[in-house]
Amino acid sequence: MLSHRLQPPRCLSGACTIAFACALSLAGALGPSVAAAPRTKPGSAQTHTVTIEGMRFNPQTLVVRRGDRVMWINKDLFPHTATAASKAFDSRSIAPNTSWTYVARKPGDYDYTCTFHPTMKGKLTVR
Amino acid sequence: MNKIWPIWAAILSAAVTVGWAQGAMPTDPQIAAIVVTANQVDIDAGRLAKSKAHSKEVKEFAQRMITDHTGVNKSATELVQKLHVTPESNATSESLKKGGEQNLAALRNLSGSAFDKAYIDHEVAYHQSVLDAVDKDLIPNAQNAELKALLVKVRPAFMAHLEHAKQIQSSLGKSG
């Protein structure tokens, strides 16, 4: 399966555009090869975006390479979390229109939820 | 529990079935008042439950209702100010307000697990009725695109709250 590439968040608001611009500059700081073919050398890490909106993680499942960054952007009107069932990662409260970034260092399948809203489910796979 | 149940059932029924005037077409200022009132009623119930609830799960749910509905109301208030819409109270918003006050009055007489059950039962019924109104009355009648978009945006929160409340209702049923 191909890993996800950096994609613009699916939303239209200015705040989100700013967040995306930050994502781009963050990715840029990691080196110019972000959009190039995936490599395993240090410095080739990609940044993936999960948009939290309408009480959903989008995309709901995400496959990344070890060392990649995953940024959760909260586009809802109240806080959420991205918390692995195993507690491998836990964003704690992500305020509206802010984001939290996790560096995925350890391979595995991670089911995660929002601890505030247990009906929300997502899955992160680190290859 | 048996003694309070008939009273509670009457309150619940009054709060949930009165109000949505069938066939009426609410205007945007009326929709704004309904949205703000619906959120405020649940914030007020959440504040009482946060202080009186017995179980940790119910306390946490109450805090979530306060936080989430406050967030929605902040956006709703900002939007109506931007659109220069003055919320206009109406039969539905008044009924919600009255139902909310009756709910608080009934809850104040309860404690322990009886309080938890009554609060959560009402939250299930309340979110279901608000969701029905959002779908049948508010979204279809909203004229302003941004007001309609806000309703569409917050709908999943009402849905998730309903499911969350049902989960707690089920676990309280098992433990109590």
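Those sequence lines, one after another, are chains A and B.
Under the numbering used here, the first sequence is numbered contiguously, ending at residue 127.
Under the numbering used here, the second sequence is numbered contiguously, ending at residue 303.
In this text, a Cβ means the ideal position worked out from N, Cα and C, and glycines have one as well.
Since we're looking at a predicted model, the values are computed, not measured.
Under 8 Å from the C-beta of residue i: neighbouring residues of chain A
{"i": "B:A287", "result": "M55, H117, T119 and M120"}
{"i": "B:V281", "result": "L77"}
{"i": "B:R235", "result": "In chain order: nothing, as chain A lies at least about 27 Å away."}
Straight-line Cα distance separating residue j from residue i
{"i": "A:H117", "j": "A:H80", "result": "8 Å"}
{"i": "B:G226", "j": "A:R127", "result": "53 Å"}
{"i": "B:A180", "j": "B:V163", "result": "25 Å"}
{"i": "A:A29", "j": "B:T204", "result": "Any reading at A:A29 needs caution, since the residue's pLDDT is 41, under 50, leaving its predicted position unreliable; the model's value is listed next. Approximately 39 Å between the Cα atoms of the pair."}
{"i": "B:P214", "j": "A:S86", "result": "46 Å"}
{"i": "A:R92", "j": "A:W72", "result": "12 Å"}
{"i": "A:R105", "j": "A:L62", "result": "15 Å"}
{"i": "B:A232", "j": "B:Y246", "result": "12 Å"}
{"i": "A:P96", "j": "B:E221", "result": "30 Å"}
{"i": "B:A218", "j": "A:D109", "result": "52 Å"}
{"i": "A:P8", "j": "A:T49", "result": "Caution is warranted here: a pLDDT of 42 is assigned to A:P8, below 50, making its placement in the model unreliable, and the coordinate value is therefore given only provisionally. Roughly 8 Å separates the two Cα atoms."}
{"i": "A:T98", "j": "A:K75", "result": "8 Å"}
{"i": "B:K209", "j": "B:K201", "result": "12 Å"}
{"i": "A:I94", "j": "B:A160", "result": "29 Å"}
{"i": "B:K263", "j": "B:V257", "result": "10 Å"}
{"i": "A:F89", "j": "A:P59", "result": "18 Å"}
{"i": "B:H196", "j": "A:G122", "result": "24 Å"}
{"i": "A:W147", "j": "A:E53", "result": "The shown model of chain A, from 1 to 127, leaves out residue 147 of chain A, and the question about it has no answer."}
{"i": "B:Y253", "j": "B:N271", "result": "26 Å"}
{"i": "B:Q311", "j": "B:R282", "result": "The structure shown does not extend to residue 311 of chain B, since chain B spans only 128 to 303, so no value can be given for it."}
{"i": "B:L223", "j": "B:N230", "result": "10 Å"}
{"i": "B:Q296", "j": "B:E184", "result": "11 Å"}
{"i": "B:V211", "j": "A:A45", "result": "The question names Val, but residue 211 of chain B in the sequence shown is His. Near 47 Å, if we compare the C-alpha coordinates of A:A45 and B:H211."}
{"i": "A:V129", "j": "B:E187", "result": "With chain A represented from 1 up to 127, any question about residue 129 of chain A goes unanswered, as that position is not in the structure."}
{"i": "B:D259", "j": "A:P107", "result": "44 Å"}
{"i": "B:D243", "j": "B:Q190", "result": "14 Å"}
{"i": "B:S178", "j": "A:V64", "result": "43 Å"}
{"i": "B:S216", "j": "B:G173", "result": "23 Å"}
{"i": "B:G239", "j": "B:K301", "result": "16 Å"}
Beta-bridge partners of residue i, as assigned by DSSP
{"i": "A:H48", "result": "A:V70"}
{"i": "A:T101", "result": "A:M71"}
{"i": "A:V64", "result": "A:V126"}
{"i": "B:H288", "result": "DSSP, once it has assigned bridges, lists no residue as partnering B:H288."}
{"i": "A:D90", "result": "A:T83"}
{"i": "A:E53", "result": "A:R56"}
{"i": "A:Y110", "result": "A:L124"}
Interface residues of chain A facing residue i [CB-CB closer than 7 Å]
{"i": "B:R174", "result": "None at all; the shortest Cβ gap to chain A is about 16 Å."}
{"i": "B:H291", "result": "H117, P118 and T119"}
{"i": "B:S202", "result": "L77"}
Contacts of residue i in chain B (Cβ-Cβ under 8 Å)
{"i": "A:P107", "result": "Within chain B, no residue comes near A:P107; the closest Cβ sits about 31 Å away, beyond 8 Å."}
Within chain B, partners of residue i - CB distance below 7 Å
{"i": "A:L124", "result": "Chain B residues near A:L124: none, gap ~21 Å exceeds 7 Å."}
{"i": "A:P59", "result": "What A:P59 touches in chain B: nothing, since even the nearest Cβ is about 16 Å away."}
Beta carbon of residue i nearer than 7 Å to that of residue j
{"i": "A:T47", "j": "A:R69", "result": "yes"}
{"i": "B:N236", "j": "B:V199", "result": "no"}
{"i": "A:T51", "j": "B:A287", "result": "no"}
{"i": "B:M109", "j": "B:D171", "result": "This structure gives no information on residue 109 of chain B, because the portion of chain B shown stretches from 128 to 303."}
{"i": "B:D155", "j": "B:L274", "result": "yes"}
{"i": "B:A315", "j": "B:I158", "result": "Residue coverage of chain B in this structure runs from 128 to 303, which leaves residue 315 of chain B outside it and unanswerable."}
{"i": "B:L278", "j": "B:V261", "result": "yes"}
{"i": "A:F78", "j": "B:T194", "result": "yes"}
{"i": "B:E250", "j": "B:A292", "result": "yes"}
{"i": "B:L234", "j": "B:L299", "result": "no"}
{"i": "A:T125", "j": "A:T83", "result": "no"}
Partners in chain A for residue i, counting only beta-carbon separations shorter than 9 Å
{"i": "B:L195", "result": "The amino acid at residue 195 of chain B is misidentified as Leu; the sequence shows Asp. The contacting residues are D76, L77, F78, P79, F116 and H117."}
{"i": "B:Q294", "result": "P118 and T119"}
{"i": "B:G198", "result": "D76, L77, F78, P79 and P96"}
{"i": "B:A284", "result": "G54, M55, D76, L77, F78 and H117"}
{"i": "B:S216", "result": "Those within 9 Å of B:S216 in chain A number zero; the least Cβ separation is about 23 Å."}
Test: residue i CB closer than 7 Å to a CB of chain C
{"i": "B:V212", "result": "No chain C appears in this structure, whose protein chains are A and B."}
Q. Where in the segment 141-214 of chain B do unbroken runs of the beta strand (DSSP E), each at least 3 residues long, occur, reported from the N-terminal end onward?
A. none
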